[in-house]
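Enquirer:
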Amino acid sequence: MPDKKAPAAKPGPAFDAVIVGAGFAGMYMLHRLRRLGFSARVFEAGGDVGGTWYWNRYPGARCDVESVQYSYQFDAALEQEWEWSERYAAQPELLRYARHVADRFDLKRDIQFNTRVISARFDAAQGHWLVETGDRACTSAAFCIMATGCLSSPNLPCFKGLDSFAGDRYHTGHWPHEDVDFRGKRVAIIGTGSSAVQSIPIIARRAEHLYVFQRTPNYAVPAHNRPLDADALTKVKADYPAMRKRAKQTMTGIDFDYSDKKALETAAADRQREYERRWRHGGLWFLGAYQDLMVDQAANDTAAEFVRGKIRQRVSSQEVAELLAPKNTIGCKRLCVDIGYYETFNRENVTLVDVSTEPIEHITARGLRARGVDYEVDAIVFATGFDAMTGSLLRIDISGRNGLTLETKWQEGPRSYLGVAIAQFPNLFMITGPGSPSVLTNMLPTIEQHVEWIADALAFMRARGIALIEPSGEAEADWVGHVAELAGRTLRYTCGSWYLGVNIPGKPRVFMPYIGGFPKYVEHCNEIAANGYQGFVLT
Ligand code: N01
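Residues 25 to 563 (our numbering) are what the sequence shown spells out, left to right.
#1: By how many angstroms is the C-alpha of Val507 removed from the C-alpha of Gly540?
#2: If we count the other Cβ atoms within 10 Å of its Cβ and call it buried at 16 or more, is Met25 buried or exposed?
#3: Would you call the segment 263-275 and the segment 115-129 in contact, with 3 or more CB pairs under 8 Å?
#4: Okay, do the segment 457-471 and the segment 406-418 touch, 3+ Cβ pairs below 8 Å being the bar?
#5: What is the rounded straight-line gap between the Cα of Val211 and the Cα of Gly306?
#6: For the ligand N01, any of its heavy atoms closer than 6 Å to the Cβ of Leu175?
#7: Just tell me which of Cys182, Arg86, Gly50 has its CA closest to the CA of Arg111.
#8: Are the beta-carbon atoms of Thr514 and Gly277 separated by less than 7 Å?
#9: Comparing C-alpha positions only, which one of Trp108, Ile169, Asp159, Phe146 sits nearest to Pro251?
#10: Which whole-angstrom value describes the C-beta separation of Ile446 and Lys433, a residue pair presumed to lie in contact below a C-beta threshold of 8 Å?
#11: Phe39 lies in the alpha helix (DSSP H); which residues open and close that run?
#12: So, is Arg338 buried or exposed, given that buried needs 16 or more other C-beta atoms within 10 angstroms?
#13: Beta carbon of Asn527: closer than 6 Å to some heavy atom of the ligand N01?
#14: Verify the contact flag: Ala481, CB atom, against every heavy atom of the ligand NAP, threshold strictly below 6 Å.
#15: Put Asp404 into one of helix, strand or coil per three-state DSSP.
#16: Just list the residues that DSSP pairs Leu392 with in beta bridges.
#17: Can at least three beta-carbon pairs, one atom from the segment 42-49 and one from the segment 67-75, be found at a separation below 8 Å?
#18: Around the Cβ of Gly215, are there at least 16 other Cβ atoms within 10 angstroms (buried) or fewer (exposed)?
#19: Is the Cβ-Cβ distance between Thr172 and Gly364 less than 7 Å?
#20: Mapping the DSSP letters down to three states, classify Ile493 as helix, strand or coil.
#21: Under 6 Å from any heavy atom of the ligand N01, does the C-beta of Cys87 make it?
#22: Using a Cβ-Cβ cutoff of less than 6 Å, which residues in the same chain neighbour Lys28 once the five nearest sequence positions on both sides are dropped?
#23: Any chance the CB of Ile214 is under 6 Å from a heavy atom of the ligand N01?
#24: Report the CB separation of Glu385 from Arg439 in whole angstroms; it is logged as a contact under 8 Å.
#25: Quick one: is the Cβ of Gly84 within less than 6 Å of any heavy atom of the ligand N01?
#26: Would you report the Cα separation of Ala491 and Arg239, rounded to the nearest angstrom?
#27: Between which two residues does the beta strand (DSSP E) carrying Met454 extend?
#28: Taking three-plus beta-carbon pairs below 8 Å as touching, is the segment 362-380 in contact with the segment 167-186?
#29: Out of Ala244, Gly217, Tyr517, Lys209, which has the shortest C-alpha to C-alpha gap to Arg230?
#30: Consider the Cβ of Val397: report whether some Cβ of chain C lies at a distance smaller than 7 Å.
#31: From the DSSP output, in three-state form, read off Ile539 for me.
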């Protein structure tokens with residue numbers, strides 16, 4: 025007989041965890057929690073897994089980290105069975121890979137697709153989260169884990185006359201699933217960041233004419249993409265464990281050869297040879313040439329001038345080459361990896377429109393007006409980037425203790441502990457949130473590290489009967505200060521990048537990622553966990 029005087033047991037939440045997003049982060053989080061015996065429900069706005077690679081289907085989309093490194097390493101059999109076809113995988117292959125992982129680990133039965141999370145509210149009385157979705161359903165969970173991605177909230181600037189355009193409109197970050205046929209079309213593309221650098225060569229080959237509206241030129245190094253033959257893959261597969269281990273010891277989590285030499289202590293001719301060697305090798309490896317490139321402007325200038333020289337060689341019109349040659353710090357904005365980008369401007373059907381000194385005036389029914397000239401086009405491609413790192417979190421109405429909203433908390437910029445958790449928001453976790461190395465590193469190993477750390481924290485709590493975890497205000501303030509202090513030591517502050525939030529009007533100017541490198545970051549995380557989650561309040 026139950027004791028009539030005993031208080032009624034609190035109904036538990038429906039799930040141990042709600043995970044928001046079914047990209048690489050959400051998928052692995054689900055898998056990891058399941059393996060530990062936790063129940064989880066994933067909500068995904070898209071119609072399939074893949075996150076970034078589900079949405080970014082623009083022509084030419086591919087990863088800029090070599091495929092064999094931009095892949096999961098948590099399961100050796102998965103690593104061995106998957107055959108990457110190119111040095112840098114294109115979007116369709118990356119999406120196939122995500123689908124393969126979902127099928128292999130039977131993930132989809134716990135993922136609700138086509139379901140956008142609208143709000144997440146911490147219910148202090150119940151000690152759990154209430155997550156509201158676009159289908160007006162409300163789901164309770166002890167933990168709420170944001171796997172919402174760093175570059176998943178597309179930025180569409182508010183151009184005058186935007187809605188008056190009668191032609192087709194596309195955003196690289198939200199590309200249609202159907203084929204887009206630019207044949208015989210006059211196309212305008214706004215923006216010259218990574219998405220544009222990848223898509224411009226392909227669109228130019230198809231369109232009747234392509235107008236590229238450039239506000240700031242970007243540095244790009246050649247990818248030297250190529251098919252991966254069977255021999256190369258066999259070698260990589262045999263070396264996977266060692267390669268992953270080496271990668272974890274580098275700043276970016278990529279198995280690169282980072283030089284410990286300084287550019288300014290190297291003779292000019294040797295420096296030139298080294299840049300040339302790295303240029304021929306291709307990819308982001310270029311910036312590993314010298315350790316002072318991102319901390320010393322004079323050192324950086326030597327690399328920048330080398331790339332400008334290459335642009336002058338690759339572009340036949342010297343006037344166009346000068347417009348394409350960036351003047352700012354190389355690596356301040358994300359370095360682009362290109363396949364025939366600069367050569368595209370040698371085509372007769374491509375026009376570069378410089379809008380660096382005069383912004384695009386407005387969009388009309390038939391095209392764009394810039395510098396007093398009307399450009400009539402059939403389609404406009406907005407390659408205008410993302411509200412990075414915070415955008416995908418802040419478009420969800422998140423509230424923690426005492427109704428404190430994340431929007432209010434982050435009014436002056438994102439504040440977090442390790443980029444993983446936020447004071448006053450108990451049991452809320454972010455995967456690769458602001459304050460973590462995330463976008464400055466190879467996303468896949470970074471995601472895996474976060475997922476495993478979060479899963480371990482949940483297991484730790486369960487083993488000790490702990491219900492709630494949240495950072496103390498003091499630990500959070502110390503971490504925010506540490507992240508800012510490190511960022512201040514580099515040249516990353518010298519340009520208006522999305523790392524700093526400058527691309528979004530009104531966004532606080534805060535350098536968001538942790539710049540101390542992957543190994544240092546992991547050391548911090550491990551030390552904190554080993555000390556019983558130091559800096560967290562556990563109740
Ligand atoms: O976006 P961006 P993205 N008028 O913000 C311009 C990752 N990624 O989508 O520089 C005119 O870099 C803006 O000009 P400005 C990668 O981390 C990876 O290209 O602000 N122009 C800029 O040129 C990357 O860094 C891959 O002056 C306007 C462009 O739009 C990140 O995603 C591939 C404008 C936006 O560039 C974002 O890249 C693609 C305006 N009003 C992306 N507003 C890989 O290779 C904006 N612009 C894996």
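Glycine included, each C-beta is placed from N, C-alpha and C at the ideal position. Treat the numbers as computed from the prediction; the structure is a model and nothing was measured.
Expert: With the structure as the only source:
#1: 8 Å
#2: Unreliable positioning characterises Met25 in this predicted model, as indicated by a pLDDT of 37, which lies under 50. The coordinate reading is nonetheless provided below. Exposed, by the Cβ-count rule.
#3: no
#4: yes
#5: 29 Å
#6: yes
#7: Arg86
#8: no
#9: Trp108
#10: 7 Å
#11: Where Phe39 is concerned, there is no enclosing alpha helix (DSSP H), although the beta strand (DSSP E) it sits in stretches over 39-44.
#12: buried
#13: yes
#14: Absent from the structure shown: the ligand NAP. Ligands present: the ligand N01.
#15: The residue asked about is misnamed: residue 404 is Ile in this sequence, not Asp. Three-state DSSP puts Ile404 in a strand.
#16: Ile387, Tyr399
#17: yes
#18: buried
#19: no
#20: strand
#21: yes
#22: Low confidence applies to Lys28: its pLDDT is 44, below 50, so where it sits in the model is not reliable, and the reading given next is rough at best. Closer than 6 Å at the Cβ level, and outside the excluded window around Lys28, lies no residue.
#23: yes
#24: Not a contact, Cβ separation roughly 39 Å.
#25: no
#26: 51 Å
#27: 452-454
#28: no
#29: Lys209
#30: Within the model displayed, chain C is absent; a lone protein chain is all it includes.
#31: coil
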